[in-house]
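All remarks here apply to the structure that follows.
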Amino acid sequence: MLFRGRSSGCAKARRTLMTHSRSGPASILISYTFVGFIVFLVVSALGEVASFSREPTTLHTQAKRFCGPSLGFTLGWIYWLKYMMVIINQMTAGVVVISYWTTVRIVDKIAYITVFLAVIIFMNYWSGRFLGRYEVVLSSFKVFIVLGLMILSLVIAFGGGPDHKKGFRYWRKPGAFANEADRTALGVFRAIFRTFPSTTLSYLGTELIGMAVLHTHDSRKAAARAIQQTFYRILAFNLVIVTLLGMAIPYDEDILALPTYTSKRTASAFVVAVQMAHVTVLPDILNACILFFVVSSASRALCMATRIIRELSFEKNAPRFLQRTDRRGVPVYALGISFAPALSGFLNLLTISGRLWSYLVNLVTMFSILTWVSILVIHISFVRARKCHRIASEEVPFKAPFGILGSWIALVLCISIPIMRAVELSDRNFYNHGLDVGAFVTSFVGIPLYFALVLGYKAASRRRRNHARAKTEVLPTRVRSLQDTETDGAGHSETTTLWGGRIIPIWLI
């Protein structure tokens, strides 16, 4: 229930808003199926690795174990950066949700973002003990709301609305794909490619299944049960929801369009569906629920970021002081470091919130794809190591349905998503203002950052090893000269080296 709630309710309405208005109902259904298949292979691969672990562990620890410390270091920090972007993304989404009720001015943005920041820091510091119970209750409430919306959308789609029209009428007019400017096959493909950033973000919570399995004491039994039962239901939720929304509302509804160049009133796809059914009061109640879900998602992201950076500290991949806790057991330093980037939410003051939200979606999407690629590489390395040590497959409690072949397929598909994104960004008919430099940079900046972390760790580790080797080597001439020049009155030698024998910590890069 917890994972279904996280992945189904949270801010799916806001994500579906942009994809539906920019791409059309058929494009969303295709992209949700495509990305859902990738995520299934990723979670299955992670489940196989987790089921072989005999004790609670973390994902970056498994990366270090099967692929090397550089990947473990990089994966941990990429996950932390991803959840940092999620916090800012959700606060920006909160501002966009509020714009349904009123025009949001600069002063209003300052007030709203300050309140959002205060709420999420309060929930993580003073309510940390009750956060688990709160998440269970909230996830149950999300599932209840989504089920109600599914029933309402089903009624509207089959003639229960005020116009009594039913079926896939909006798939015929205005159409299944938002490609009015380019009716060619390439235009259809670009309409599909346009949905991938928001679709990938919608599956963000699904990864928590595998991460939670790694933290359980009996990961062997938990892996099969969590992946086989939970993921299928999440996939069903996603596919059913986007299908019903495509039947209930047209993609060219003006209020659906996310503002990127001018401020205007906007609403989520669910709210528009209820509004078109002429149900009074309910749109405001639903919009308030979405706002509540958005803020709770930001709070959960801060909790995950705090946990990840503290785990990195224990593994000596982050400053040691982040391990400390106060008298209440709260890791205040890790919480403070994770909370500080959230202040970037005030960037909403400098640009249109809709545009900033789109850029943050691009960042989170690329970080998610990079983490999926890392998980697949871990699984491939795990299978090779198992075969190298002649460990029979029967000794692994849970095996990925498609084995190592499925991981290779998912790896190729993950690499293809950035290529599809580049093809979509080159569409001059859709981007009539010219190349969106911000969208291009935020879509691909994660790739050089990922390799910079890997190569930076390798370079620092090599320098550390060389320094340690130099200290252990016996150099009689050098030792004698140092003893002659640097001795105190008692005859004790005092050697001094640059930086006191230490290199610059890798976490500063």
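Each residue of the sequence shown is one higher than the one before, starting from 732 at the first, in our numbering. From the three backbone atoms N, C-alpha and C, an ideal C-beta is built for every residue, glycine too.
Drop a sphere of 10 angstroms on the beta-carbon of residue i, count the other beta-carbons inside from all chains shown, and report buried for 16 or more, exposed for fewer.
| i | result |
| --- | --- |
| Cys1119 | exposed |
| Leu1081 | exposed |
| Phe1052 | exposed |
| Phe853 | exposed |
| Trp808 | buried |
| Ile1021 | buried |
| Thr1056 | exposed |
| Gly1067 | exposed |
| Pro1179 | exposed |
| Val1205 | Because the pLDDT of Val1205 is 44, which lies under 50, any placement of that residue in the model is unreliable, and the number read from its coordinates should be weighed accordingly. It counts as exposed. |
| Gly1137 | buried |
| Thr1216 | Legend: pLDDT at Thr1216 = 39, less than 50; position of this residue unreliable, no value from coordinates given. |
| Ser933 | buried |
| His1009 | exposed |
| Leu777 | buried |
| Ile1148 | buried |
| Pro1132 | exposed |
| Trp811 | buried |
| Phe875 | exposed |
| Ile1016 | exposed |
| Ala1036 | buried |
Specify the secondary structure class of residue i as computed by DSSP and reduced to three states.
| i | result |
| --- | --- |
| Lys1189 | helix |
| Phe889 | strand |
| Lys795 | helix |
| His897 | Checking the displayed sequence, the identity of residue 897 turns out to be Lys instead of His. Three-state result, Lys897: strand. |
| Arg1051 | helix |
| Ala916 | helix |
| Tyr843 | helix |
| Glu984 | coil |
| Val1010 | coil |
| Arg925 | coil |
| Tyr934 | coil |
| Arg836 | coil |
| Ala1004 | helix |
| Phe908 | coil |
| Ser871 | helix |
In chain order, what residues of the same chain lie with their CB nearer than 7 angstroms to the CB of residue i, ignoring the 5 residues before and after it?
| i | result |
| --- | --- |
| Ala1116 | Phe797 |
| Ser1075 | Ile819 |
| Val773 | Trp1103, Ile1106, Leu1107 and Ala1141 |
| Arg900 | none |
| Ala922 | Ser754, Gly755, Ser758, Phe908, Ala909 and Asn910 |
| Ile761 | Ile923 |
| Tyr763 | Thr930, Asn969, Leu970 and Val973 |
| Ala794 | Leu802, Gly803, Leu806, Ser1105 and Ile1109 |
| Gly906 | Gly755 |
| Leu1013 | Val1005 |
| Ser884 | Leu975, Leu976, Ala979 and Ala1004 |
Here's a check: name, in chain order, each residue in its chain whose Cβ is nearer than 6 angstroms to the Cβ of residue i, leaving out the five neighbours to either side.
| i | result |
| --- | --- |
| Glu1042 | Thr789 |
| Gly879 | none |
| Phe1113 | Val780 and Phe797 |
| Lys1189 | Ser801 |
| Phe1064 | The sequence given here has Tyr at residue 1064, not Phe. Once the five neighbours on either side are set aside, the close Cβ partners of Tyr1064 are Phe1052, Leu1053 and Arg1055. |
Rounded to whole angstroms, what is the Cα-Cα separation between residue i and residue j?
| i | j | result |
| --- | --- | --- |
| Ala1049 | Tyr1181 | 17 angstroms |
| Val971 | Arg1194 | 54 angstroms |
| Phe823 | Val1154 | Checking the sequence, you will find Thr at residue 823 rather than Phe. Whole-angstrom Cα-Cα distance: 27 angstroms. |
| Gly799 | Ile1100 | 20 angstroms |
| Ser999 | Ala979 | 13 angstroms |
| Phe889 | Gln1006 | 17 angstroms |
| Gly918 | Ser1124 | 46 angstroms |
| Asn855 | Lys840 | 23 angstroms |
| Thr926 | Ser1089 | 12 angstroms |
| Thr833 | Phe924 | 33 angstroms |
| Ser830 | Asn1079 | 13 angstroms |
| Val828 | Val1127 | 46 angstroms |
| Phe1045 | Ile1083 | 40 angstroms |
| Gly1187 | Gly1085 | 35 angstroms |
| Thr792 | Gly1177 | 22 angstroms |
| Asn1018 | Asp1158 | 33 angstroms |
| Val1092 | Val1025 | 14 angstroms |
| Ser1030 | Val850 | 8 angstroms |
| Lys897 | Ile887 | 7 angstroms |
| Leu1094 | Phe1175 | 8 angstroms |
| Thr1011 | Val846 | 28 angstroms |
| Phe1077 | Ser1027 | 19 angstroms |
| Val1061 | Phe1171 | 39 angstroms |
Which same chain residues, not among the five before or five after residue i, have their C-beta less than 8 angstroms away from its C-beta?
| i | result |
| --- | --- |
| Asp1167 | Leu1156 |
Any Cβ of chain C within less than 8 angstroms of the Cβ of residue i?
| i | result |
| --- | --- |
| Arg900 | Of the protein chains in this structure there is only one, and it is not chain C. |
At 4 residues or longer, what runs of the alpha helix (DSSP H) sit wholly inside the segment 1097-1179? Taking 4 residues as the shortest admissible run, the segment 1097-1179 contains the following complete alpha helix (DSSP H) segments, listed from N- to C-terminal end: 1134-1156 and 1168-1175.
Identify every run of the beta strand (DSSP E) within the segment 753-834, keeping only runs that are complete inside it and at least 3 residues long; order them along the chain. Taking only runs of at least 3 residues, no beta strand (DSSP E) segment lies wholly in the segment 753-834.
Complete runs of the alpha helix (DSSP H) confined to the segment 1020-1085 [at least 4 residues]: The qualifying runs are 1063-1070.
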